[in-house]
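Below: one structure, written as structure tokens.
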Amino acid sequence: MGERKCPQKGASGCLSPLYSHAPSLPSPARDPWTVNCSLDGLFPAVEAEVHLTLAEQELHSTPLYGKDSVLATASVKANAEEEGTPQLACVVTLGGQDRKWKENVILYRFPAPNLTLSEPEVSEGTVVTVECEAQAGVVVSLSGLPSGTPAPRAQFQLNASAADHRRSFSCSAALLVAGHLLHKNQTRELRVLYGPRLDQTDCPGNWTWEEGSQQTLRCQAWGNPVPELKCRRKGDDALLPIGDLRPVKREVAGTYLCQARSPRGVVTREVVVNVTCDNILIIILVAVAGILGTVSTAAYLYNRQRKIQKYKLQKAQEAAAMKLNTPATPP
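Taking the UniProt record's numbering, the leading residue of the sequence shown gets 1, the next gets one more, and so forth.
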């Protein structure tokens with residue numbers, strides 16, 4: 001219908017072309033969506049009547065009047081039974097004239113896929129079945145399963161291990177509606193119960209620290225439920241502070257038994273802590289002692305040699321005196 005110009009104001013009224021808006025994409029049944037129907041160039045605008053229908057059923061619409069226009073808005077919520085291509089229509093009437101607009105809309109039903117785990121929480125070593133299912137005509141893909149023949153159902157099994165704890169599984173469903181590919185997803189998480197773990201990576205078996213340095217002993221136990229961890233020294237059961245930053249003292253040196261305990265078992269690991277002392281003072285003391293020893297030895301040898309020489313000189317003087325005091329033998 002071509003554009004029509006309104007004559008001067010009169011009782012009969014005048015209508016110009018109709019503009020309406022419906023969803024450009026297919027709309028899911030049961031989900032509400034909005035329809036707008038507008039008409040410009042009206043006189044008198046307030047006398048215009050607007051009717052919106054879906055599948056010949058009147059929709060409750062709210063008209064908004066302007067100076068020479070009207071805009072009607074309706075919220076549409078179709079039933080699942082109305083899935084298909086019902087006709088949406090708008091009729092504006094004024095002064096015995098009307099303008100009509102109609103269009104087929106696509107309503108579809110596309111619920112999220114049903115993703116299930118045979119058991120959401122299992123013990124390590126249990127076989128778990130992961131299954132995803134959707135309505136007919138939908139193609140599903142399941143994480144952890146190689147791509148195969150498109151189908152509305154997919155499943156696989158796994159032997160649950162500690163590595164599967166808190167593993168997330170997802171199912172993606174795809175539906176083609178009027179050339180538009182639609183997607184919906186569903187996720188589930190698996191929880192695995194397993195005993196304590198203490199390994200070299202998270203709890204090294206040998207630590208060597210310098211006395212006085214700031215250090216943190218890191219020993220992490222794993223498990224579900226989370227195990228309690230304690231490290232006690234062999235011999236006196238002294239506790240080793242784990243996770244605290246503190247200066248190292250030589251008193252912490254020793255061999256410790258770190259034990260992780262939970263309702264699912266106990267595991268023990270031996271940890272050796274070595275503390276190296278500051279050797280500078282020892283070196284200085286040894287050097288001083290060596291120097292003092294050398295000086296003392298030299299002094300001793302010097303005094304001894306001097307005494308020997310003095311003794312020899314004294315003996316020589318005594319021998320000379322004796323010769324002078326001895327009378328000569330008569331002829």
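Glycine included, each C-beta is placed from N, C-alpha and C at the ideal position. Here the structure is a predicted model, which is why all the values come from computation and not from measurement.
The Cβ neighbour count for His180, taken over all protein chains shown within 10 Å, is under 16; the residue is labelled exposed. In the DSSP assignment, Thr93 is bridged to Glu49 and Asp98. Between the C-alpha atoms of Gly84 and Val35 there is a straight-line separation of about 18 Å. Three or more pairs of CB atoms, one per stretch, sit closer than 8 Å, so the stretch 258-267 contacts the stretch 216-232. Ser172 sits close to Val140, with the two beta carbons spaced by under 9 Å.
Within the stretch 52-79, the beta strand (DSSP E) runs of at least 3 residues that lie entirely inside it are, in chain order, 61-65 and 69-76. Within the DSSP bridge table, the entry for Gln214 names Pro247 as partners. Of the residues assessed, Gly66 falls on the exposed side of the cut-off, its CB having fewer than 16 other CB atoms within 10 angstroms. Here DSSP, grouped into helix, strand and coil, assigns Ala162 to helix. Under the three-state reduction of DSSP output, Ser296 falls in the helix class. With contacts defined as CB atoms closer than 9 Å, Glu58 and Leu94 fail to qualify as a contacting pair.
Less than 9 Å separates the beta-carbon of Leu115 from that of Cys132. Approximately 6 Å separates the beta-carbon atoms of Val248 and Gly212; this is inside 8 Å, confirming the contact.
A Cβ-Cβ separation of about 14 Å leaves Ser147 out of contact with Ser170 under the 8 Å criterion. The Cβ-Cβ distance between Leu117 and Leu193 does not fall below 9 Å.
Non-local C-beta neighbours of Leu245 in its own chain, meaning closer than 8 Å and more than five positions away in sequence, comprise Gln214, Gln215 and Thr216, ordered along the chain. Val140 is bridged by DSSP to Ala173.
In this structure, Arg250 places its C-beta atom within 9 Å of the C-beta atom of Cys277.
One thing to note: Ala89 has its Cβ within 9 Å of the Cβ of Lys100. Residues of the same chain with a CB within less than 7 Å of the CB of Leu175, apart from the 5 flanking positions on each side, are Phe110, Gly137, Val138 and Leu182 in chain order.
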